[in-house]
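> So for the sequence shown, full-length UniProt numbering puts the first residue at 1; every next one is plus one.
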Amino acid sequence: MVNTQVAVSAATAVGLIYSMRTCEWMTFVALVIVPGVLYALLAEQTKATKLRGKTVLVTGSSSGLGLALAREAAKRGAAKVVLASRTKAALEAAAKLCAGDATHGSFEAVVAPCDVTKPDDVRALLKELPPVDVLVNNAGAGAWKHVEETTPEEAYGMMACPYQAAFTMTSLLVPTMVARATDCHVVNVTSAASEVGFRGAVGYATARWAMRGFSRMLAQDLKQLGIGVTHLNAAEISGTSYFSDAPGKAGAASHAKIPYLFQLVDGMGLNYTTTQVAAAALDGVEKGWSTVLVPGFLLIPTKMVADVVPCFLEFLCGLGPAGRRAI
Numbered sequence: 001m002v003n004t005q006v007a008v009s010a011a012t013a014v015g016l017i018y019s020m021r022t023c024e025w026m027t028f029v030a031l032v033i034v035p036g037v038l039y040a041l042l043a044e045q046t047k048a049t050k051l052r053g054k055t056v057l058v059t060g061s062s063s064g065l066g067l068a069l070a071r072e073a074a075k076r077g078a079a080k081v082v083l084a085s086r087t088k089a090a091l092e093a094a095a096k097l098c099a100g101d102a103t104h105g106s107f108e109a110v111v112a113p114c115d116v117t118k119p120d121d122v123r124a125l126l127k128e129l130p131p132v133d134v135l136v137n138n139a140g141a142g143a144w145k146h147v148e149e150t151t152p153e154e155a156y157g158m159m160a161c162p163y164q165a166a167f168t169m170t171s172l173l174v175p176t177m178v179a180r181a182t183d184c185h186v187v188n189v190t191s192a193a194s195e196v197g198f199r200g201a202v203g204y205a206t207a208r209w210a211m212r213g214f215s216r217m218l219a220q221d222l223k224q225l226g227i228g229v230t231h232l233n234a235a236e237i238s239g240t241s242y243f244s245d246a247p248g249k250a251g252a253a254s255h256a257k258i259p260y261l262f263q264l265v266d267g268m269g270l271n272y273t274t275t276q277v278a279a280a281a282l283d284g285v286e287k288g289w290s291t292v293l294v295p296g297f298l299l300i301p302t303k304m305v306a307d308v309v310p311c312f313l314e315f316l317c318g319l320g321p322a323g324r325r326a327i
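#1: Where are the alpha helix (DSSP H) runs, 4 residues long or more, that stay fully inside the region 97-183, in chain order?
#2: Can you tell me which of 188, 309 and 219 puts its alpha carbon nearest to the alpha carbon of residue 207?
#3: Looking at the unbroken alpha helix (DSSP H) that takes in residue 296, where does it start and where does it end?
#4: Restricting to Cα atoms, I'd like to know which of 68, 74 and 260 is closest to residue 104.
#5: According to DSSP, is residue 55 helix, strand or coil?
#6: Return the chain-ordered list of same chain residues with a C-beta closer than 6 Å to the C-beta of residue 185, the five sequence neighbours on each side being excluded.
#7: Going by DSSP in three states, residue 361 sits in which element: helix, strand or coil?
#8: Report yes if the CB atom of residue 258 is closer than 9 Å to the CB atom of residue 322, and no otherwise.
#9: Please list, in chain order, all residues of the same chain as residue 164 whose beta carbon is under 8 Å from its beta carbon, the five residues on each side excluded.
#10: Can the beta-carbon of residue 51 be found less than 9 Å from the beta-carbon of residue 173?
#11: Residues in its own chain within less than 6 Å of residue 178 by CB, not counting five upstream and five downstream?
#12: For a minimum of 3 consecutive residues, which ranges assigned as the beta strand (DSSP E) are wholly contained in the region 219-262?
#13: DSSP beta-bridge partners for residue 45?
#14: Would residue 100 be called buried (16 or more neighbouring beta carbons within 10 Å of its own) or exposed?
#15: Which class does residue 50 belong to by DSSP, given the choice of helix, strand or coil?
#16: Per DSSP, which residues does residue 274 bridge with? Please list them.
#17: Is the region 77-93 close to the region 280-294, with three or more CB pairs under 8 Å?
#18: Bridge partners of residue 415, per DSSP?
#19: In the structure shown, what three-state DSSP assignment does residue 82 receive?
#20: With residue 277 and residue 234 assumed to form a contact (beta carbons below 8 Å), what rounded beta-carbon distance in angstroms separates them?
#21: Quick one, which of 324, 291, 319 and 271 has its alpha-carbon nearest residue 298's?
#22: Would DSSP call residue 194 helix, strand or coil?
#23: So, for residue 5: in the same chain, excluding its five sequence neighbours on each side, which residues have a beta-carbon less than 6 Å away from its beta-carbon?
#24: For residue 70 and chain D, any beta-carbon pair shorter than 9 Å?
#25: Taking buried to mean at least 16 other C-beta atoms within 10 Å of its own C-beta, is residue 153 buried or exposed?
#26: Secondary structure at residue 215, three-state DSSP: helix, strand or coil?
#27: Rounded C-beta distance between residue 71 and residue 98? I'm assuming under 8 Å.
#28: Assuming residue 111 contacts residue 124 under a Cβ cut-off of 8 Å, what Cβ separation, rounded to an integer in Å, is found between them?
#29: Classify residue 311: buried if its beta carbon has 16 or more other beta carbons within 10 angstroms, exposed otherwise.
#30: Near residue 54, what residues of its chain come up, given a Cβ to Cβ distance below 7 Å and the 5 sequence neighbours on each side ignored?
#31: What's the gap between the Cα of residue 150 and the Cα of residue 180?
#32: Would you decide whether residue 313 is buried or exposed? Buried here means 16 or more other CB atoms lie within 10 Å of its CB.
#33: Can you tell me whether residue 247 is buried or exposed? The criterion is at least 16 other CB atoms within 10 Å of its CB, across all chains shown.
Structure, rendered in structure tokens:
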């Protein structure tokens, strides 16, 4: 089955390139169209999992994308949505929103306060929860800093969440998923920072590269067990407080380090909202897409270039002063 999102976006990118072509038609076909079509047709698939009637656990679900993913699962008929984060009061407010989005009367939103970076806390939590069918590893944090600005403790923290937390949750839940013999799925959330090297976000981006590697390996590891794995890779998401200067957030200084290539898209108002990203992610789960790239018009061509000529994309990301040191 062809990943329609990839196919349509790749075709659009090819059309735009063709409109600006200066080479002969057959050369263009050989160098651009054929690789583009193959890239679309060979998009990897995973096991499709329908969300209706399932129990879905979303980490980092008190706000932002995590909350949007939980609400989208409720809209799609999930029987239970487990909301995991550190702040109980915020989770209780999120649970009310999910209940309001539910499509059937037996829906239940389960509030599950937990620090997902601590394996013992996760073990204790999972003993109290109903069996989980779909795990969404969304929790993540970290500011964008140069390597000399990042303390070892900060680096450990950024790797602990998202990567180590996702590994802990997945490793502890897979045995129960296998025992249930039902359609089960793991979703790993990361960012466009996992696709290319650029300056000013060493700790943050490395943790996201780890998530991409984890998804890649996990998909092969769980294939024999019949468990689907979907990797969500998103550019900057509008409507969140991630880059605000509030306590615990990355701050405006981090936002200024985003490569100009991506800042341009943000300035044009083309970034996806949390609701759009959540819908795309769960479309991927239900349609069996191993990778979801949003917004597709930006990240699919970006990934294609990164896969083939990463140095060219890194050159583009290096244009402009974003991320340069003030020395």
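For glycine and all other residues, C-beta sits at the position ideal for the given N, C-alpha and C.
Let me lay it out:
#1: 119-128, 152-159 and 165-180
#2: 188
#3: 296-308
#4: 74
#5: strand
#6: 49, 134, 228 and 285
#7: Since the first and last residues shown for the chain are 1 and 327, residue 361 lies out of range.
#8: yes
#9: 117
#10: no
#11: 225
#12: 227-234
#13: 289
#14: exposed
#15: coil
#16: In DSSP, residue 274 forms no bridge with anything.
#17: no
#18: With the chain covering only 1 through 327, there is no way to say anything about residue 415.
#19: strand
#20: 5 Å
#21: 271
#22: helix
#23: Unreliable placement is indicated for residue 5, whose pLDDT of 49 sits below 50; the coordinate value is still reported in the next sentence. Here the set comprises 296.
#24: The chain labelled as chain D is not found in the depicted structure, where only one protein chain is given.
#25: exposed
#26: helix
#27: 5 Å
#28: Going by Cβ atoms, the distance from residue 111 to residue 124 rounds to 15 Å, so no, they are not a contact pair.
#29: exposed
#30: 78, 79, 133 and 134
#31: 43 Å
#32: buried
#33: exposed
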